[in-house]
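Here's the structure we're looking at; comments come further down.
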Amino acid sequence: MDAAARARLIRALAGTVIAHADELTGLDQAIGDGDHGLNMKRGFETVLAEADTLAAQPLPAMLAGIGKTLVMRVGGASGPLYGTLFLTLGKTLPEESGMADAAPALEAAVAAVKARGKSDAGQKTMLDVLVPVLEELKAGGEGLPARLAATAHAAAEATVPMRAVRGRASFLGERSVGHMDPGARSSALMVEAVVTWLEE
Ligand code: ADP
Ligand code: MG
Ligand code: MG
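Just so you know, we're using my numbering here: the sequence shown kicks off at 469 and counts up by one.
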């Protein structure tokens with residue numbers, strides 16, 4: 469993988485988050501404080517501004533760099549959590565990494581998000597996308613990229629009937645039911661962007 473491919477990955481991630489900022493904010497207006505799209509857009513605009521510098525580094529250092537920027541720029545609950553996700557991916561991936569390294573790295577990253585958020589799947593958060601995607605990645609096999617994208621999309625949809633027990637949405641209790649979790653949606657968008665990038 470060369471710097472141009474890494475830069476395309478950054479542009480794919482940042483592009484989708486920025487393009488869907490209004491949708492993410494809309495979801496957060498329903499069950500949170502209405503800033504998830506703004507938070508994520510702010511973070512990924514900074515990532516995009518640093519794209520060339522970030523992409524000049526090997527993949528692990530680039531991912532860790534994205535994580536640091538997200539921690540500093542996104543804020544809210546999602547900033548430290550997405551920051552932890554990318555930082556841990558960066559720390560876990562070997563310098564010369566291939567597809568076989570993806571599952572162990574995502575496993576470590578998801579575990580770090582759970583520890584940081586004191587949360588797990590089933591609580592109507594980003595983990596309700598990240599955990600099923602990890603399971604699909606570990607399963608491997610035929611047509612994996614397309615399956616990962618489909619899993620991410622369906623998993624975000626599956627947060628609609630859930631009741632939130634973590635984050636601001638949990639303040640709503642039963643009233644959080646019937647809305648998609650904003651962080652689940654942003655996670656699905658990022659997984660779909662990675663898959664599109666992989667298939668380029
Ligand atoms: P805030 O809630 O501080 O305004 P954001 O709106 O940017 O932050 O992010 C909200 C999203 O963060 C939620 O939709 C949820 O997916 C995720 N989230 C919040 N708390 C947790 C947690 N403890 N563990 C995992 N994800 C969480
Ligand atoms: Mg919010
Ligand atoms: Mg907020």
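Positions of the beta carbon are idealized from the N, C-alpha and C atoms, including for glycine.
Every value quoted in this text rests on a predicted model; they were computed, and no experiment measured them.
Contact annotation: the stretch 649 to 665 touches the stretch 583 to 598, with at least three C-beta pairs closer than 8 Å. When distances are taken from the beta-carbon of G547 to the heavy atoms of ligand 3, even the shortest one reaches 7 Å or more. In the structure shown, the three-state DSSP call for T593 is coil.
Separation of the CB atoms of T514 and R541 is rounded to 5 Å, and the pair is thereby assigned contact status at 8 Å.
Residue range 489 to 499 is occupied by the alpha helix (DSSP H) that includes A498. Counting only the Cα atoms, E642 lies some 43 Å from P562. Taking a 10 Å sphere around the C-beta of D649, we find 16 or more other C-beta atoms and assign the residue as buried. In the pairwise beta carbon analysis, the stretch 558 to 576 is classified as not touching the stretch 621 to 628: fewer than three pairs are separated by under 8 Å.
For the 8 Å CB-CB criterion, D501 and R636 form a contact.
By the CB criterion at 8 Å, A523 and I478 fall inside the cutoff.
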